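See below for the structure under consideration.
Protein chains: 2
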Amino acid sequence: MYQRKEVNAGPAAEICERVWLSIAERKLRPGTRLKEEQLAEVFEVSRARVRQALAMLESDGLVTILPNRGAFVAEPGVDEARDVFHFRRQVEARVMERLIATIDAKDIPRLEAHLTMERDADLRGDTTATIRLSGGFHLLLAELSGSAFLSSMLRDLISRSTLITTMYRRHVHHNCGPDEHAALIESIRARDLNGALRLMEAHLRHVEEELDLTEGVPVLRDLREALT
Amino acid sequence: MYQRKEVNAGPAAEICERVWLSIAERKLRPGTRLKEEQLAEVFEVSRARVRQALAMLESDGLVTILPNRGAFVAEPGVDEARDVFHFRRQVEARVMERLIATIDAKDIPRLEAHLTMERDADLRGDTTATIRLSGGFHLLLAELSGSAFLSSMLRDLISRSTLITTMYRRHVHHNCGPDEHAALIESIRARDLNGALRLMEAHLRHVEEELDLTEGVPVLRDLREALT
DNA sequence: TCCAACATGATTGTCGACATTTTTGTTGTC
DNA sequence: GACAACAAAAATGTCGACAATCATGTTGGA
Chain P
1 MYQRKEVNAG PAAEICERVW LSIAERKLRP GTRLKEEQLA EVFEVSRARV
51 RQALAMLESD GLVTILPNRG AFVAEPGVDE ARDVFHFRRQ VEARVMERLI
101 ATIDAKDIPR LEAHLTMERD ADLRGDTTAT IRLSGGFHLL LAELSGSAFL
151 SSMLRDLISR STLITTMYRR HVHHNCGPDE HAALIESIRA RDLNGALRLM
201 EAHLRHVEEE LDLTEGVPVL RDLREALT
Chain V
1 MYQRKEVNAG PAAEICERVW LSIAERKLRP GTRLKEEQLA EVFEVSRARV
51 RQALAMLESD GLVTILPNRG AFVAEPGVDE ARDVFHFRRQ VEARVMERLI
101 ATIDAKDIPR LEAHLTMERD ADLRGDTTAT IRLSGGFHLL LAELSGSAFL
151 SSMLRDLISR STLITTMYRR HVHHNCGPDE HAALIESIRA RDLNGALRLM
201 EAHLRHVEEE LDLTEGVPVL RDLREALT
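Those protein sequences? They're chains P and V, same order as listed. Note that the first sequence covers residues 1 to 228 in the working numbering. Note that the second sequence covers residues 1 to 228 in the working numbering.
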């Protein structure tokens, strides 16, 4: 999920992923303060690396850094939430166009292998793996599309989506179901662009519709602004 | 241009902006190696800060960092170029929607003041200022739209656009003309969303049409891949 | 002469210690 | 008792030195 290149998952990326997972599992709530020293102790790494990881997480929209004040788990507002899903639909559509135009038949098994892992984690009830793999499927599509730019954009949007989902979902976690992923693979195999676009659109709408984005609750991003 | 928040332009952001300007002015060509020590000497800062700046520039797509190998000015391919402009149109459209829906009349003067600076720099023949202000206008629109998310996305896309323009433009630098910006301001003042969207679309198409994106020249991103 | 292994130089990556800023707790005065 | 100024503690920000890694040039052998 957080690996920057194909093989080379930098050491800081590992911290990013663990934080991301903790957020997805609601162990870290939005607004929580992230002290550098504390994180360094937990992950048994130097504080410098924690800073590096926090900077990455900020650019991915997962944490907000206030200069000289510290890092906090971000709290995206409803407007940002809508924008994130809006652009995620755009990006995933573009990915699908490139993917169906350029994909090599020998890459299809990679998708199926991923799907198998998703189903397996789902059956085992392994929440952590399920969350990781669920986002990973979309990211794999981007990688197979061959565009590093689309991949990096999508990773950003997926991170934000995850955080938004934890904040605004109505019920328990919905499983970004493996079945919908399976249907997508079939469309890709058949190189059915229109079908794939329709499925992806529906898939993402399902996720968004599970959220309650009606409330205009202003979000405390900066403690100073929040108490005017 | 590179200021992260409103007032608080971090010290590393200054380095980012100077590198960005050098790239825009074609003083730094795509593929150029950026040695940390060298940059530290030129900018008279510590190497740690240079690393910080390079990391930011990488996430903005302006430089490519190869682990243990160094940083290079990025060389986006034609596919990435098309994607960047594609999404830039999407983002700017979204900005315009939010802007016209929410803008306060008292903010219009800020736009006009910016336009005045653009015209002034243009008349003086101050290329550096012209480049900076030209991108700054679009970024100002995003800031006035009130969405930090859209702002950060757009800053990223503008950086990449600049680099792409220097790589693929046919003739000399086209001035992302102040006149088209002026027309946009009029539409905003009149809260004419459809008009504004049309103008923005045309404005961005003008920039893209000045480029020669026909050649499928593969780009050397990684020296290893390039010589297969 | 060509190739491989090694040694050297240069460059990036990492860490710990110190300086700065912010926050919190205390004291003294009105 | 409330408020302001000050002092102590804690957290963040910065820097320089050292370690690890990669590129280049050299040497020895076939």
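Cβ coordinates follow ideal geometry from the N, Cα and C atoms, glycine included. In this text, all values refer to a predicted model and were calculated from it rather than measured experimentally.
So that I know if they touch, is there some Cβ in chain V lying closer than 9 Å to that of residue i?
{"i": "Glu80(P)", "result": "yes"}
{"i": "Arg84(P)", "result": "Residue identity check: residue 84(P) is Val in the sequence provided, not Arg. Interface residue, yes."}
{"i": "Leu223(P)", "result": "Interpretation of Leu223(P) is limited by its pLDDT of 49, a score under 50 that renders its predicted location unreliable; the figure taken from the coordinates is listed afterwards. Not an interface residue."}
{"i": "Gln90(P)", "result": "yes"}
{"i": "Pro178(P)", "result": "no"}
{"i": "Arg160(P)", "result": "yes"}
{"i": "Arg49(P)", "result": "no"}
{"i": "Arg18(P)", "result": "no"}
{"i": "Ser46(P)", "result": "no"}
{"i": "Met56(P)", "result": "yes"}
{"i": "Arg98(P)", "result": "yes"}
{"i": "Gln253(P)", "result": "In the structure as shown, chain P starts at 1 and stops at 228, and residue 253(P) therefore has no counterpart that could be examined."}
{"i": "Gly61(P)", "result": "yes"}
{"i": "Pro76(P)", "result": "yes"}
{"i": "Leu211(P)", "result": "no"}
{"i": "Arg198(P)", "result": "no"}
Whole angstroms is fine: what's the gap from residue i's alpha carbon to residue j's?
{"i": "Arg69(P)", "j": "Arg33(P)", "result": "10 Å"}
{"i": "Asp83(P)", "j": "Arg88(V)", "result": "14 Å"}
{"i": "Arg160(P)", "j": "Leu28(P)", "result": "14 Å"}
{"i": "Val155(P)", "j": "Asp60(P)", "result": "Sequence inspection shows Arg at residue 155(P); the Val mentioned does not correspond to that position. If I take the Cα positions, the gap works out to 8 Å."}
{"i": "Glu201(P)", "j": "Ile158(P)", "result": "15 Å"}
{"i": "Arg221(V)", "j": "Val73(V)", "result": "The predicted model places Arg221(V) with a pLDDT of 49, which falls under 50 and marks its position as unreliable; any figure quoted below should be read in that light. Cα to Cα, the separation comes out at about 10 Å."}
{"i": "Asp126(P)", "j": "Arg94(V)", "result": "38 Å"}
{"i": "Glu22(V)", "j": "Asp192(P)", "result": "It should be noted that the sequence gives Ser, not Glu, for residue 22(V). The straight-line gap from Cα to Cα measures roughly 45 Å."}
{"i": "Glu180(V)", "j": "Val91(V)", "result": "18 Å"}
{"i": "Leu163(P)", "j": "His138(P)", "result": "16 Å"}
{"i": "Glu209(P)", "j": "Ile185(P)", "result": "23 Å"}
{"i": "His86(P)", "j": "Glu75(P)", "result": "18 Å"}
{"i": "Thr71(P)", "j": "Arg124(V)", "result": "Note on identity: in this sequence residue 71(P) is Ala, with Thr being the wrong assignment. Cα to Cα, the separation comes out at about 43 Å."}
{"i": "Arg47(V)", "j": "Ser46(P)", "result": "19 Å"}
{"i": "Val207(V)", "j": "Asp79(P)", "result": "29 Å"}
{"i": "Leu227(P)", "j": "Met153(V)", "result": "In this prediction, Leu227(P) scores a pLDDT of 46, lower than 50, which makes its location untrustworthy; the coordinate-derived value is nonetheless stated afterwards. Their backbone Cα atoms lie some 28 Å apart in a straight line."}
{"i": "Asn194(P)", "j": "Ala183(P)", "result": "13 Å"}
{"i": "Val42(V)", "j": "Val63(P)", "result": "32 Å"}
{"i": "Lys106(V)", "j": "Leu197(V)", "result": "22 Å"}
{"i": "Pro67(P)", "j": "Gln38(V)", "result": "28 Å"}
{"i": "Ala81(V)", "j": "His171(V)", "result": "17 Å"}
Going along the chain, which residues of its own chain have a beta-carbon closer than 6 Å to the beta-carbon of residue i, five neighbours each way excluded?
{"i": "Glu44(P)", "result": "none"}
{"i": "Ser151(V)", "result": "Ala142 and Glu143"}
{"i": "Leu211(P)", "result": "Tyr168 and Arg169"}
{"i": "Lys35(P)", "result": "none"}
{"i": "Arg49(V)", "result": "Ala12"}
{"i": "Glu58(P)", "result": "Ile65"}
{"i": "His203(P)", "result": "Glu180"}
Whose CA, out of the options, lies closest to the CA of residue i?
{"i": "Ile65(P)", "options": "Leu211(P), Ser187(P), Ser147(P) and Gly31(P)", "result": "Gly31(P)"}
{"i": "Glu25(V)", "options": "Glu118(V), Arg132(V) and Asp179(V)", "result": "Arg132(V)"}
{"i": "Trp20(P)", "options": "Ile185(P), Thr166(P) and Gln38(P)", "result": "Thr166(P)"}
{"i": "Glu215(P)", "options": "Glu37(P), Leu199(P), Pro67(P) and Gly77(P)", "result": "Gly77(P)"}
At a threshold of 8 Å, does residue i count as lining the ligand GTP (C-beta to nearest heavy atom)?
{"i": "Met117(V)", "result": "The ligand GTP is absent from the structure shown, which contains no ligands of any kind."}
Which residues in the same chain as residue i place their Cβ atom closer than 7 Å to its Cβ, once the five residues preceding and following it in sequence are excluded?
{"i": "Arg189(V)", "result": "Ile108"}
{"i": "Ala129(V)", "result": "Ala121"}
{"i": "Ile103(P)", "result": "Leu144 and Ile188"}
{"i": "Pro178(V)", "result": "Leu115, Glu118, Arg119 and Asp122"}
Is there a Cβ from chain P that is less than 9 Å from the Cβ of residue i?
{"i": "Phe72(V)", "result": "no"}
{"i": "Leu150(V)", "result": "yes"}
{"i": "Asn8(V)", "result": "Since pLDDT at Asn8(V) reaches only 47, below the 50 mark, its modelled position is unreliable, and the value read off the structure follows with that caveat. Yes - at least one Cβ of chain P is within 9 Å of the one on Asn8(V)."}
{"i": "Pro67(V)", "result": "yes"}
{"i": "Arg205(V)", "result": "no"}
{"i": "Met153(V)", "result": "yes"}
{"i": "Phe43(V)", "result": "no"}
{"i": "Ser147(V)", "result": "yes"}
{"i": "His22(V)", "result": "As written in the sequence, residue 22(V) is Ser, which differs from the His given in the question. No, Ser22(V) does not count as interfacial toward chain P."}
{"i": "Phe137(V)", "result": "no"}
{"i": "Arg94(V)", "result": "yes"}
Give me, in chain order, the residues of the same chain whose beta-carbon lies closer than 8 Å to that of residue i; leave out the 5 immediate sequence neighbours on both sides.
{"i": "Leu140(P)", "result": "Arg110, Leu111 and His114"}
{"i": "Ala213(P)", "result": "Per the sequence presented here, residue 213(P) reads as Leu, with Ala not at that position. Val78, Ala81, Arg82 and Tyr168, listed in sequence order."}
{"i": "Leu199(V)", "result": "Glu180, Ala183, Leu184 and Ser187"}
Exercise for the section: Indicate whether the contact test is met: 3 or more Cβ pairs, each with one atom in the stretch 95 to 105 of chain V and one in the stretch 146 to 163 of chain V, closer than 8 Å. Expected result: yes
Exercise for the section: Could you tell me whether the stretch 43 to 58 of chain P touches the stretch 14 to 28 of chain P, where touching means 3 or more Cβ pairs closer than 8 Å? Expected result: yes
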